[in-house]
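Asker: The structure is given below, and queries will be raised subsequently.
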Amino acid sequence: MTQARTGAPALARTRPELADALAARPAGGRAVVMTMGALHAGHLSLVREARARGEQVVVTIFVNPLQFGPAEDLDRYPRDLDGDLALLTGPDLLGEGDVVLAPTPDVVYPDGDPGVRVSAGPVGTVYEGATRPGHLDGVLTVVLKLMHLVAPDVALFGRKDVQQLAAVRRMVRDLDVPVEVVGVPTVRDADGLALSSRNAYLSAAEREQALALSRALAAGRAAAGAGHDADAVRAAARDVLDGAAVGTDYVALVDPVTFEDVAGDAGALSGRTAVLALAATVGATRLIDNSDVRWA
Ligand code: PAF
């Protein structure tokens, strides 16, 4: 049973402030949740899971320029540090002894653009990596830096960014980073829309159109459940997106570890779990979502 927190977490904006706050660590492990802010209930479920796993919880809030392409939404990405701090403080969330690290880019990248970056390898070149070249390299570079700065025992990531989670797991394994990586289930609104900071960009009509993503995932799951092959699962999901007012970027049915395409009929896939991952643009907003798909 986790002990309820009182008081407020330390806010660290600089490396010395972070070092001081980390030194005030109670006995026990340290868990980190890395975010870009604009927090919502999905982030808070990560923090609650972190609270259950670490005596000291560190939440990082940093909009990482390295993971945005030149035409992407770095400048308009929602930022609200005061709102985030208010959301994070509470008995089952953060309190005294915990830390919020909210650095500026010059604190994270004191020498400017880093000359050395982490390569996400093959996982970084398909789907999200194909549409957003360099995105996952930028993610892994900041994740590794934050792991070095925070020195956590456990790091929690949302399963909504499933390709990011696969890339982080692979980096930790390949580079022997001494951190346990935990994936936390996606939080959805009652109508199925996966929570995302980018949902803030959607108008009411676009929010309605965005429900096509969770409907497409349900169609893919149903096709696998009915014994259809991998291509039919992709087609079932794509049909739903094509029939809605969204611009489909990709429909991927992949191995959860390698992100390689899954193929075969239901017999060959029997007992197997794949990830059905989607990206689509609704109005001007690009959304992603995913679900496990199982063949009996
Ligand atoms: O998932 C995110 O919010 C970001 O990609 C992360 C992991 C905080 C790295 O900037």
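As numbered in this note's numbering, residues 1181 to 1476 make up the sequence shown, in order. Where is the CB? At the ideal position from N, CA and C, for every residue including glycine. Nothing here was measured: the structure is a model prediction, and the numbers come from that model.
Just curious, the alpha helix (DSSP H) that S1471 is in, first and last residue?
Answerer: Looking at the DSSP string, S1471 is not in any alpha helix (DSSP H); the run it does join, the beta strand (DSSP E), is T1465 to R1474.
Asker: Compute every distance between the C-beta of T1215 and the non-hydrogen atoms of ligand 1, then say whether any falls below 7 angstroms.
Answerer: Within the cutoff, so yes.
Asker: Would you mind working out which of V1361, V1442 and A1221 sits nearest A1370, comparing C-alpha positions?
Answerer: Checking every option, the nearest Cα to that of A1370 belongs to A1221.
Asker: Is the beta carbon of I1241 less than 8 angstroms from the beta carbon of G1217?
Answerer: It is a contact, given that the beta carbons lie within the stated cut-off.
Asker: In whole angstroms, what is the alpha-carbon distance linking L1219 and G1209?
Answerer: Between L1219 and G1209, the C-alpha separation is close to 24 angstroms.
Asker: Which one of V1227, L1316 and D1286 has the shortest CA to CA distance from D1264?
Answerer: Residue V1227 is the option with its Cα nearest to D1264.
Asker: Expressed to the nearest angstrom, what Euclidean distance is found between the alpha-carbon atoms of L1336 and A1230?
Answerer: The straight-line gap from Cα to Cα measures roughly 7 angstroms.
Asker: Who pairs with R1228 in a beta bridge, going by DSSP?
Answerer: None; R1228 has no bridge partner.
Asker: I'd like to know whether the C-beta atoms of T1311 and A1417 end up nearer to each other than 8 angstroms.
Answerer: Not closer than 8 angstroms, so no.
Asker: When DSSP builds the beta bridges, which residues end up paired with Q1236?
Answerer: Paired residues: R1210.
Asker: May I have a chain-ordered list of the alpha helix (DSSP H) segments no shorter than 4 residues that lie completely inside the stretch 1322-1405?
Answerer: You should have 1342-1354 and 1384-1405.
Asker: Can V1322 be considered in contact with ligand 1, in the sense that its beta carbon sits closer than 7 angstroms to one or more heavy atoms?
Answerer: At least one heavy atom of ligand 1 is nearer than 7 angstroms to the Cβ of V1322, so yes.
Asker: Hey, L1268 and V1239: beta-carbon distance below 8 angstroms or not?
Answerer: The answer is yes: Cβ separation under 8 angstroms.
Asker: Among the candidates D1422, L1273, T1305 and G1304, whose CA atom is the shortest distance from the CA of V1213?
Answerer: Nearest option by C-alpha distance: L1273.
Asker: Does D1411 come out as helix, strand or coil in the three-state DSSP assignment?
Answerer: D1411: helix per DSSP, three-state reduction.
Asker: What I want to know is whether the C-beta of D1264 ends up closer than 7 angstroms to one or more non-hydrogen atoms of ligand 3.
Answerer: Ligands in the displayed structure: ligand 1; ligand 3 is not one of them.
Asker: Under 8 angstroms by Cβ, that's how I've got V1298 and M1351 pegged, so tell me the actual separation to the nearest angstrom.
Answerer: With a Cβ gap of about 6 angstroms, V1298 and M1351 count as contacting.
Asker: Measure the CB-CB distance between D1198 and L1281 and report whether it falls below 8 angstroms.
Answerer: Contrary to the premise, residue 1198 reads as Leu rather than Asp in this sequence. Their beta carbons are under 8 angstroms apart, which means L1198 touches L1281 by this criterion.
Asker: When you compare only the Cα positions, how much space is there between R1466 and G1187?
Answerer: If you take the alpha carbons of R1466 and G1187, they lie about 38 angstroms apart.
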